[in-house]
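2 protein chains.
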Amino acid sequence: MSKNKQEFVAHITSREEDFSKWYTDIILKTDLVDYSPVRGSMVIKPYGYGIWENIQRELDNRFKATGHKNAYFPLFIPESLLQKEVDHVEGFAPEVAWVTHGGGEELTERLAVRPTSETIICSMYAKWIQSYRDLPVLYNQWCNVVRWEKTTRPFLRTLEFLWQEGHTAHATEEEAQEETMKMLNVYREFSENVLAIPMVAGKKTEKEKFAGAMSTYTIEALMQDGQALQAGTSHNLGQHFAKVFDIGYLDRDGQRKHVWQTSWGVTTRLIGAIIMVHGDERGLVLPPKVAPIQVIMVPIAFHKEGVLDKAEAIYEGLKAAGFRVELDDRDTQSAGWKFNEWEMKGVPIRLEIGPRDVEKNQVVLVRRDNHEKTFVPVEELTDTIHNMLEEIHKGLYDKALTMREENTHVAHDMDEFKDIVETRKGFIKAMWCGDVGCEDRIKDEFSLTARCIPFEQEKLADHCICCGEEAKHMVYFARAY
Amino acid sequence: MSKNKQEFVAHITSREEDFSKWYTDIILKTDLVDYSPVRGSMVIKPYGYGIWENIQRELDNRFKATGHKNAYFPLFIPESLLQKEVDHVEGFAPEVAWVTHGGGEELTERLAVRPTSETIICSMYAKWIQSYRDLPVLYNQWCNVVRWEKTTRPFLRTLEFLWQEGHTAHATEEEAQEETMKMLNVYREFSENVLAIPMVAGKKTEKEKFAGAMSTYTIEALMQDGQALQAGTSHNLGQHFAKVFDIGYLDRDGQRKHVWQTSWGVTTRLIGAIIMVHGDERGLVLPPKVAPIQVIMVPIAFHKEGVLDKAEAIYEGLKAAGFRVELDDRDTQSAGWKFNEWEMKGVPIRLEIGPRDVEKNQVVLVRRDNHEKTFVPVEELTDTIHNMLEEIHKGLYDKALTMREENTHVAHDMDEFKDIVETRKGFIKAMWCGDVGCEDRIKDEFSLTARCIPFEQEKLADHCICCGEEAKHMVYFARAY
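Keeping their order, the protein sequence lines are chains L and E.
Residue numbering for the first sequence follows the working numbering, starting at 1 and increasing by one per position.
Residue numbering for the second sequence follows the working numbering, starting at 482 and increasing by one per position.
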């Protein structure tokens, strides 16, 4: 390792030393975000926004393939609308930003800046849905939302964030439940196949469910510091909103019935998950399917004849083949400096080409994830890169799965639970009676929350680790972002 | 025309009778938008949002091809930031929505819901730009903005709307001017080649320029009722913002200099322009490149053997060929009803297929713009549709250009000007001295504004039509949305 490299990489705090500082170093030094003059609001810089654009495209394709259409609903929600569903307003009112003045005048009714859009959307669905022929309604919107969080951290918890929110209405309870699960599975499949992040999927406890939902389903990921991160949720809203907003339809049998609803969303916090699952001591490690740059080309000694010409020809070829590729031909920085920068920025593949490579009609490929170096004949380049990106994806997923498995522990009773909390990090699987009292006690004593009741249940013991009563579910507990 | 058709079409008010009512009928009956419970805010329904998605994709490709990257800046702007540039705050303060409470507490400083993002972006550029190596900065964002308008109309003027705003910083005045013109040309080219709307391009007068800009350039379109619509603007901000936000860079010569900036934007009001330029008595007429559905397939007598199978095979083939196609196989509506509905919704091509067509291995294509009917062998379908969409685009553009030319008048003096205002509609070209007094007088007397000083100047007369002093420019005047 050259002196230059050491100095450069030294800017990033080690994960072991201070995970939180490591995270902050990465997001700022790799130009993903910056702090803004608005408390708790972030600026998403082009490199970070590029990841979000790729997330959007991949998810949007999946939403459309499952029959959903995009729409756009107002940013402002009149206070009276927000208050209609009791649990919902209790959950969200403390976090609302209120507009009280507009056009130089005080408003007669305060407007909430949307923390989520169930209420405004329901007020429209009540108007649009009349007959069973109007169902199902399968809409989604991509937008910004505001929640007045006390402690914020870029991507993970910010005053304003970007997300998508799906809102659907169905004729029957079964259809709504099917939709809820279908979209959770879209999220899980997307997380695994696009973000290379393995997920634990399951149901939220009553305590942790969405304010106003009948039940909430979630996908939970484990970060390298052993904390969990809720990556996406899908809510079966039952008829809670349909009844208070009176969203009814005339069924085939001539009866007027209330619809059954779902809502589901993922946010820009997925970018935080990518960083904390895949990042390493050198910086970001981006999954190829969302990396804004998949291949960074660094020409070596490119003042020498033929190097830059060849590099440009290869660049055009890779671009035409559909790769997201960039050619770093800055003459203000050394090749070594560039290697370090693009490593820090997590670009999956570095392509080096120098005078000797031009002679041999080859290039050098270096993988970001395992630093493997390969000499590749130019004529095989497209296929090799295609396969290498697939392998990197698979490698990242497998590594993340191993990390999660090594940090998932089983507690058969409270003693084991305490011991794990004190000596280990990660998920703890334990049996639970289903009572909120036990859930509260674990939260109060250990700051661990029930992440979910996973679909894949195991019978670890007969009794709740907390109260000793009969156990109903196995639960994943963890500290969480 | 069948009785059914007449009844159906009768729902839309005639353009001649009441253009404003015609517009409202179309946007509501074709499911583009709906009114919301928030005064002046619209809900963009999937059919309307689908047009916006196509506009976004076409523009975003052009922005990226010209070297721009997307980013995201906060929705909220602290009052102190908004107030930094004097002209800017004067222009926007009256229209601002203010957040005064968040998280259950009154804020110490009010937050503006962004009416535009120059100030928040400049506060970041001041931090990011240090050296000439950091320039140019070429960023864009897609987002929502809020302007507290008194009178609102869906798409044209709403409290909240969607837009993109480009914000760039450059080392020299020349580069900033070049960028300003480049992006105006992107807008003009896009309007003509995608929206099929001819534009008058030119410079805004001092009175009409953007609050805080050095100069504003615009593209102006003429609607069928003879009113103009500002479709996109590109601002050369000079160093107005750079100086108050102190955005400086160290130049090659060792001197610290302020940057030169531009900003440019188009909004969801483009959808209003599409409606008012191309729509007809039967409803919407959508330009093929932004139509959410380009080909609507209506099978005839599809209970008969083979029809639906054949229709589905054709549907899959057209989809695979990249067309936006839908198959209307609802059995709840007659074919005639469907013809009318899809005509009203402005789908460029209707494809009919019935038992006799299946026998002959052909389909019937009907153009929305001129109602021409063509029998096409199935094996020629892809090519025919491809060409027909091109022809429709060209037909729409030519028709719009003719409409504009027929409604563009020349006034050599004030008598002619008055006569035209009283008896005609549309653009009036007239000479102007450059004095705001004359501009004000024309606005006060006739409610006409100077739309722009077009790049293509003509010398119609020697003197200003208003004051008789020496004329400096030919100006396009019009009533405007």
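Cβ coordinates follow ideal geometry from the N, Cα and C atoms, glycine included.
{"Asked": "If you compare alpha carbons, which of E:H759, E:F783, E:T865 and E:R849 is closest to E:F804?", "Found": "E:T865"}
{"Asked": "Against chain L, with Cβ distances strictly below 7 Å, would E:E641 count as a contact?", "Found": "yes"}
{"Asked": "List the endpoints of the continuous alpha helix (DSSP H) containing L:V277.", "Found": "R269 to H278"}
{"Asked": "Leaving out the 5 sequence neighbours to the left and right, which residues in its chain are closer than 7 Å to L:A211 when beta-carbon positions are compared?", "Found": "D87, H88, E90, G91 and F92"}
{"Asked": "If E:V627 and E:L640 are in contact, beta carbons under 8 Å, what's the gap, nearest whole angstrom?", "Found": "6 Å"}
{"Asked": "Mind reading off the beta-carbon distance from E:L592 to E:F557? Whole number of angstroms is fine, and I expect it under 8 Å.", "Found": "4 Å"}
{"Asked": "According to DSSP, simplified to helix, strand and coil, what is E:N535?", "Found": "helix"}
{"Asked": "Quick one: is L:V436 buried, meaning 16 or more other Cβ sit within 10 Å of its Cβ, or exposed?", "Found": "exposed"}
{"Asked": "With a threshold of 8 Å, are at least 3 pairs of Cβ atoms found where one atom belongs to the region 713-730 of chain E and the other to the region 599-612 of chain E?", "Found": "yes"}
{"Asked": "Counting only Cβ-Cβ distances shorter than 7 Å, please list the residues of the region 560-584 of chain E near chain L, keeping chain order.", "Found": "L562, P575, E576, A578, W579, V580, T581, H582, G583 and G584"}
{"Asked": "If you draw a straight line from the alpha carbon of E:L941 to that of E:A911, how long is it in whole angstroms?", "Found": "7 Å"}
{"Asked": "Spatial neighbours of L:K338 within its chain, please: C-beta separation below 6 Å, excluding the five flanking residues on both sides.", "Found": "V298 and D328"}
{"Asked": "Would you tell me roughly how many angstroms separate the C-alpha atoms of E:L882 and L:E379, rounded to the nearest one?", "Found": "51 Å"}
{"Asked": "So the candidates are L:T66, L:V194 and L:V475; which of them puts its Cα closest to the Cα of L:T178?", "Found": "According to the sequence provided, residue 178 of chain L is Glu. The question's Thr does not apply to it. The shortest Cα separation from L:E178 among L:T66, L:V194 and L:V475 belongs to L:T66."}
{"Asked": "Does any residue of chain E bring its CB to less than 7 Å from the CB of L:V363?", "Found": "no"}
{"Asked": "Can you tell me where the beta strand (DSSP E) with L:P454 in it begins and where it stops?", "Found": "T449 to P454"}
{"Asked": "According to DSSP, which residues form a beta bridge with L:A112?", "Found": "L:I77 and L:W98"}
{"Asked": "Excluding sequence positions up to five away, which residues of its chain have a Cβ less than 7 Å from the Cβ of E:V839?", "Found": "G787, V788 and K791"}
{"Asked": "Pull up the DSSP beta-bridge partners for L:R350, would you.", "Found": "L:I296 and L:V366"}
{"Asked": "Is it buried or exposed, L:P377, if we count other Cβ atoms within 10 angstroms and call 16 or more buried?", "Found": "exposed"}
{"Asked": "When you compare the CB of L:I44 with every CB in chain E, is at least one pair closer than 7 Å?", "Found": "yes"}
{"Asked": "Residues of chain E with CB under 8 Å from L:K69, in chain order?", "Found": "P527, Y530 and G531"}
{"Asked": "Would you mind stating whether E:I781 and E:E833 have Cβ atoms separated by less than 7 Å?", "Found": "yes"}
{"Asked": "If you reduce the DSSP assignment to three classes, tell me which class L:M223 lands in.", "Found": "coil"}
{"Asked": "Looking at chain E, is there any beta carbon in it that lies within less than 7 Å of the beta carbon of L:L75?", "Found": "yes"}
{"Asked": "Select from E:G764, E:D812 and E:V766 the residue whose C-alpha is nearest the C-alpha of E:K785.", "Found": "E:D812"}
{"Asked": "Could you compute how far the alpha carbon of E:V514 sits from the alpha carbon of L:D444?", "Found": "49 Å"}
{"Asked": "Using a Cβ-Cβ distance cut-off of 7 Å, determine whether E:S522 contacts chain L.", "Found": "yes"}
{"Asked": "Do E:A694 and E:E701 have their C-beta atoms closer together than 7 Å?", "Found": "no"}
{"Asked": "Could you tell me which whole alpha helix (DSSP H) segments of length 4 or greater appear in the region 836-884 of chain E?", "Found": "836-841"}
{"Asked": "Counting only beta-carbon atoms, is E:V519 nearer than 7 Å to chain L?", "Found": "yes"}
{"Asked": "Taking Cβ-Cβ distances below 9 Å as the criterion, which residues of the region 869-881 of chain E are in contact with chain L?", "Found": "none"}
{"Asked": "By a C-beta neighbour count over all protein chains shown, 10 Å radius and 16 as the cutoff for buried, is E:Q814 buried or exposed?", "Found": "exposed"}
{"Asked": "Counting only beta-carbon atoms, is E:M825 nearer than 7 Å to chain L?", "Found": "no"}
{"Asked": "For L:D398 and E:A652, I'd like the C-alpha separation in whole angstroms.", "Found": "47 Å"}
{"Asked": "Which class does E:S672 belong to by DSSP, given the choice of helix, strand or coil?", "Found": "helix"}
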